[in-house]
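This report concerns only the one structure given below.
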Amino acid sequence: LVGTDDQYDDEVPLRTPLDVDEGGVGSPTNETTVEEVIQAIAPITSKAARIFYPPSIAVDVSTNGTNLTLDLYAEYTAQFATPMVASNLAPSAIPTYANTELYYYVTYYDATVFANVSVDEFGEMTYDVIAQPADYNSLINVVFVVK
Numbered sequence: 011l012v013g014t015d016d017q018y019d020d021e022v023p024l025r026t027p028l029d030v031d032e033g034g035v036g037s038p039t040n041e042t043t044v045e046e047v048i049q050a051i052a053p054i055t056s057k058a059a060r061i062f063y064p065p066s067i068a069v070d071v072s073t074n075g076t077n078l079t080l081d082l083y084a085e086y087t088a089q090f091a092t093p094m095v096a097s098n099l100a101p102s103a104i105p106t107y108a109n110t111e112l113y114y115y116v117t118y119y120d121a122t123v124f125a126n127v128s129v130d131e132f133g134e135m136t137y138d139v140i141a142q143p144a145d146y147n148s149l150i151n152v153v154f155v156v157k
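Residue numbers (our numbering): 11 to 157.
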C-alpha cells in the first residue's frame, strides 16, 4: 500500500550482505541490514570528520627570538569569519568551533628554524626562532581535532 512503509533501519535487509569495517580479516562479519552498516561505518567516518587543517598563516622568522607566541585559534577564527572569496549562495562566514572544543597538534616543524615548540589547550603556540630558512621558506604543520 502506498504511504504505509513504516520499516525501521534494522528491518531493511541489504540485497547482498557485505563487510564494511573489517577489511583484511580472514573471515569478516558481513553486515546484513541498513542499521548494521550504519553502526559499522559510524566509528570510521566520525574519526575522519573530526580532523581538519586550520587555514595557512605566515609566521615571521626574519629574526631570531625566544618565547614567541602565535594564537592559532585566533588566526583560524579570523580567517573563517571573513573569507576573501566564497562560492555563490555560500554563507558569509564559515562555522567555527570554540577553542575549548578542539585539541591542537603540531605534527611537523622545521627543526633547523624552530625550537621549543609547544601548543596549549587553547591553541596558543609558543616557539623559538633559532635560524632563518636557507630558501626563505619553512613549514609548520598544524592539525585541529574536534573533541
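Yeah, the Cβ is synthetic: ideal placement off N, Cα and C, and Gly gets one too.
Please read these numbers as outputs of a predicted model, since none were measured by experiment.
Candidates the options: closest to residue i by CA position
i	options	result
Ile67	Gly33, Tyr83 and Tyr18	Tyr83
Glu111	Glu32, Asp70 and Glu131	Glu131
Ala31	Glu45, Ile51 and Tyr86	First, the residue type needs correcting, since residue 31 is Asp and not Ala in the sequence shown. It is Ile51 whose Cα lies nearest to the Cα of Asp31.
Phe90	Leu99, Ala103, Thr79 and Asp19	Ala103
Pro27	Gly33, Phe62 and Thr42	Thr42
Pro105	Thr136, Thr39, Asn77 and Thr92	Thr92
Own chain residues within Cβ distance below 8 Å of residue i, not counting five before or after
i	result
Ser72	Gln142
Environment of residue i [buried if 16+ CB atoms lie within 10 Å]
i	result
Ile150	buried
Gly36	exposed
Thr87	buried
Tyr118	exposed
Pro64	buried
Phe62	exposed
Limits of the unbroken beta strand (DSSP E) element including residue i
i	result
Phe132	It is not in any beta strand (DSSP E) - Phe132 carries neither H nor E in the DSSP assignment.
Leu28	Pro23 to Leu28
Glu41	Glu41 to Thr43
Contact test: residue i Cβ vs the ligand COA heavy atom, cutoff 7 Å
i	result
Ser128	With respect to the ligand COA, the structure offers nothing, as it holds no ligand at all.
Pair within 8 Å by beta-carbon distance, residue i and residue j
i	j	result
Val139	Val129	no
Val155	Tyr113	yes
Gly133	Asp70	no
Ser97	Asp120	no
Cβ shell of residue i (< 7 Å), same chain only, five flanking positions each side left out
i	result
Glu45	Asp19 and Asp20
Residues near residue i by beta carbon distance below 6 Å, same chain, minus five either side
i	result
Val78	Looking at the sequence provided, one finds Leu at residue 78 rather than Val. Excluding positions up to five away in sequence, the list reads Tyr137.
Run of the alpha helix (DSSP H) containing residue i, from where it starts to where it stops
i	result
Leu82	Leu82 to Ala91
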